[in-house]
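So the structure is just underneath, and the comments pick up after that.
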Amino acid sequence: MPKTLKEVCDTLINKYGHQALWLDMRSGANGPGLYQSKQPVVISCSRRDLAEHDGKKWHLLNSPLYLDFDPVDDSVNSITATDIYLDDAAIETYMHWNSL
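If you read the sequence shown in the working numbering, its first letter stands for residue 437, the second for the next number, and so on.
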């Protein structure tokens, strides 16, 4: 299981064939008392959820077949332009500020 955002992205690119990934911040229950906070979710170009951080560790979502890159569905989508494109600099910055 990937331990960092970098490992998640490397796994999705090298094992599952994704060419581009984005980070979406979602409202969700997290931690003791289940207060609302923003949780990071790695998404594909089609906005398919691929991995999430539960406040403690990263989890790849669903089955390996679901995680595979789909050249039809995972083509670049303008909707993802509002999310954070995960290039090496964005991953390093995010990991530095959030310890993920």
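Heads up, the beta-carbon is just placed ideally off N, CA and C, and yes, glycines get one too. Remember, predicted model here, so these are calculated numbers, not experimental data.
Euclidean distance between Cα positions of residue i and residue j
i      : j      : result
TRP494 : ALA526 : 17 Å
CYS481 : ALA487 : 13 Å
GLN558 : ILE449 : Beyond the ends of the chain as shown, which are 437 and 536, falls residue 558; an answer cannot be given.
ILE520 : MET437 : 23 Å
LEU496 : THR447 : 9 Å
ASP509 : LYS492 : 30 Å
VAL444 : LEU503 : 12 Å
Close-in-space but distant-in-sequence residues of the same chain around residue i (CB under 6 Å, 5 per side omitted)
i      : result
VAL477 : ASP460, ARG462, ASP485 and GLU488
TRP533 : none
Residue i: first and last residue of the uninterrupted alpha helix (DSSP H) it sits in
i      : result
ASP446 : 441 to 450
Local conformation of residue i per DSSP, three classes
i      : result
LEU486 : strand
ASP524 : helix
PRO500 : helix
MET413 : It is not possible to answer for residue 413, since the shown part of the chain is limited to 437 through 536.
GLN455 : coil
PRO476 : strand
SER511 : coil
ASP460 : strand
Range covered by the beta strand (DSSP E) that runs through residue i
i      : result
LEU496 : 494 to 496
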